[in-house]
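Report on the following structure.
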Amino acid sequence: MKLLKQYWNEKPLLSLLVIAFLARLVAVFFAQGYAFHDDHFLVIDAAQSWVGQHDWNNWMPEVQKQMFPDQEPIPQGHSLLYPGLHYLLFLFFEWLGVFDPQLKMLLVRFLHAIISLWVVGLGYRMTEHYTNDKIARKAGLFLALIWFFPFMGVRNLVEVICIPFLMWGTWEIVKLENLKKVYWPYFLVGLILGVTFSFRYQTIVYAGGIGLVILFRKKWLEALLLGTGVFLSIAFFQGIIDVFIWKKPFAELTEYVVYNIQHRNEYGVNNYYMYLSILAGMVTPPLGLYLLFGWFRSFKQFALLFWPSFLFFLFHTIFPNKQERFILPIIPMFVVVGTLGWWLFIEKSGFWQRNMRLFKYSMVFFWIVNTFLWLITTTTYSKKSRCEAMVYLGKQPDATHIIVEESARLSVTQMPTFYAGKDLVFYNLPKKEAIDTLILTSQTKPFHSQNIPNPEFIEQKGWPKPEYALFVNENNLDFRTSELKKSFPDMELIQIIEPSYIDLLMKKITPSNNNQNIFVYRLN
């Protein structure tokens, strides 16, 4: 213990990185599966399908032409940089002889855990730059150990992977803050922030916030060079990729902007104070409240850190479409600025100086609750039943075409094909009342995921017969199985795959989470 304390005192940054790595290593091995739709289907499934020369999401123009020969292909509004990097990574894995999906994802989580350490180091450096090592250690510990950072650090979310670049660009600007007649580094910072944008489009608001602070300080040339760097970086990563695929620049970006403006009120519309409550509550209270106070208090003293993150927060607060993960890119900066503001405040606060015991007790409460939440999240296998259903089917040599029976719901759960380790075709069977709203295409060959009104539709189209059926959830299961037996009288139950305990808890908290048992039937 004495040796560890000595190491902590002599090498605080390295100590923080080791602590952060160990906290994330638990998530690397145990936080399997995926947290949201986007961190799997828009990244992992997309990339693996390209490796297999497929396109499960139907993003590419060639696939759209096959599906809808009478329609002009249109971009789907996704930046292809992040899934494209995973495509190259999966190609590299398979070149090394790594084909097992679970091993691939273990390596992907490990790589993301290493990348996320960058955030801890940059947060420490920024805090130390403005204050001292004592406060910087606190910020570093928070970035290393706040319960959701290790879990999110190994996920494949664009809202998370953009954070290291966002903080890197911010740190480089901070180092330039008091230098005079230094210009070209601003251009390089612009290039970095352009990469951030290419991962997550909305971070342009954050970059704009940095530019506004520089303009307010009348650094006209520096602001111009910063903006030029951002534009050229975006042109390279967005323009060139889209010219190669769509024969025109910024095709995906344009479609993304148009779609989100047109559909801004159609989903995810929540209260205007949603993100304020997330900042205060997601960081376990009372620390979240302390940081929120410190964050707002820092608007002048740490303007270069506060205003970009605040404008990002303000944009998402005003824009109708709201989801919890949208605010993730600025949470590490919120922690850094909040730590700066709060600890400088209590050092001069007569109340807190007289009541330091109360403050220490509140922090003990925070660390107890935070540790409990960390243990839960880093050992959670998210969407377990869906992933394990695919793993099971991947081990069945005859599994190629699968019925996903979910006639108890108006929609059908999308299956993470990646975990099967091979290409599968899904015949989705939703509730009959929903079939009129689903697209039934007229091609002679089914694509990766095909909605059908009934099992007979498969034979009518002349499509290959399914070998297996997945019944998602147990609602009206006897009736649903009896209905399918009319078409497959010899079908038999061969496996029941249960969700993880957290999946079940999330289902109870939010019924829209379809984390249910999956019953695997062989159709014979």
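FYI, this note's numbering numbers position 518 of the sequence shown as 505, with every residue one higher than the one before it.
Backbone N, C-alpha and C fix where the C-beta goes; we use that ideal spot for every residue, glycine too.
Buried versus exposed call for residue i [16 or more other C-beta atoms within 10 Å across all chains shown]
i, result
"GLN249", "exposed"
"HIS24", "exposed"
"ARG96", "buried"
"LYS309", "buried"
"LYS419", "exposed"
"ASN143", "buried"
"ILE221", "buried"
"GLY181", "buried"
"VAL507", "buried"
"GLU271", "For the sequence presented, residue 271 should be read as Thr rather than Glu. By the 10 Å Cβ count, THR271 comes out buried."
"MET377", "buried"
Cβ pair residue i, residue j closer than 8 Å
i, j, result
"LEU166", "TRP294", "no"
"LEU360", "GLU393", "no"
"LEU464", "VAL391", "no"
"ALA386", "GLU454", "yes"
"PRO(-1)", "ALA33", "no"
"TYR348", "ILE484", "no"
"THR190", "PRO316", "yes"
"LEU132", "ALA10", "yes"
"VAL106", "LEU291", "no"
"ILE179", "ARG373", "no"
"GLY337", "GLY281", "no"
"HIS435", "HIS99", "no"
"PHE321", "LEU278", "yes"
Contacts around residue i, its chain only, beta-carbon distance under 6 Å, and the 5 residues preceding and following it disregarded
i, result
"SER103", "GLY140"
"TRP46", "GLN63"
"THR366", "PHE17"
"PHE475", "LEU510"
"PRO368", "Looking at the sequence itself, residue 368 is Tyr, so the reference to Pro does not match. Excluding positions up to five away in sequence, the list reads GLN19, GLY20, SER487."
"PHE186", "TYR69, VAL145, ILE148, CYS149"
"HIS27", "TYR21, PRO403"
"PHE353", "THR271, LEU274"
Alpha-carbon spacing of residue i relative to residue j, whole angstroms
i, j, result
"ILE389", "GLN401", "12 Å"
"ASP477", "LEU510", "6 Å"
"THR114", "LYS335", "18 Å"
"PRO451", "ILE445", "7 Å"
"TRP134", "MET54", "44 Å"
"HIS73", "VAL147", "15 Å"
"SER429", "LEU411", "Low confidence applies here, because SER429 scores a pLDDT of 47, under 50, leaving its location unreliable; read the following figure in that light. Rounded to whole angstroms, SER429 to LEU411 spans 19 Å at the Cα level."
"PHE224", "LEU175", "15 Å"
"TRP(-5)", "VAL145", "33 Å"
"CYS57", "TYR246", "Here residue 57 is Asp; the residue named in the question, Cys, does not match the sequence. Going by the C-alpha atoms only, they are around 22 Å apart."
"PHE129", "LEU1", "15 Å"
"PRO574", "LEU301", "Nothing can be reported for residue 574: it is not among the residues displayed for the chain, which extend from -12 to 511."
"THR183", "LEU240", "14 Å"
"PHE203", "ARG251", "32 Å"
"VAL323", "TYR193", "15 Å"
"GLU512", "TYR117", "Beyond the ends of the chain as shown, which are -12 and 511, falls residue 512; an answer cannot be given."
"LYS234", "ALA7", "44 Å"
"ASN441", "LYS448", "12 Å"
"LEU263", "PHE289", "20 Å"
"ASN119", "TRP43", "51 Å"
"TRP207", "ILE201", "8 Å"
Own chain partners of residue i with C-beta closer than 7 Å, once the 5 adjacent residues on each side are dropped
i, result
"ALA238", "PRO62, ASP229"
"LEU109", "MET154, TRP155, TRP158"
"GLU311", "ILE265"
"LEU78", "VAL38"
"PRO125", "First, the amino acid is wrong: residue 125 is Lys here, not Pro. The residues are THR326, TRP330."
"GLY214", "GLY177, GLY198"
"ARG112", "TRP158"
Three-way DSSP call (helix, strand, coil) for residue i in this model
i, result
"GLU485", "coil"
"GLN340", "helix"
"ARG373", "helix"
"ALA10", "helix"
"HIS388", "strand"
"ARG509", "strand"
"LEU90", "helix"
"GLN437", "strand"
"LEU416", "strand"
"ALA456", "strand"
"ASN44", "coil"
"GLU(-3)", "helix"
"GLY84", "coil"
"LEU29", "coil"
"LEU128", "helix"
"ASN462", "coil"
Proximal residues to residue i (C-beta, below 8 Å), its chain only, five neighbours per side dropped
i, result
"GLY275", "LEU266, ALA267, GLY268, MET269"
"GLU470", "SER394"
"MET343", "none"
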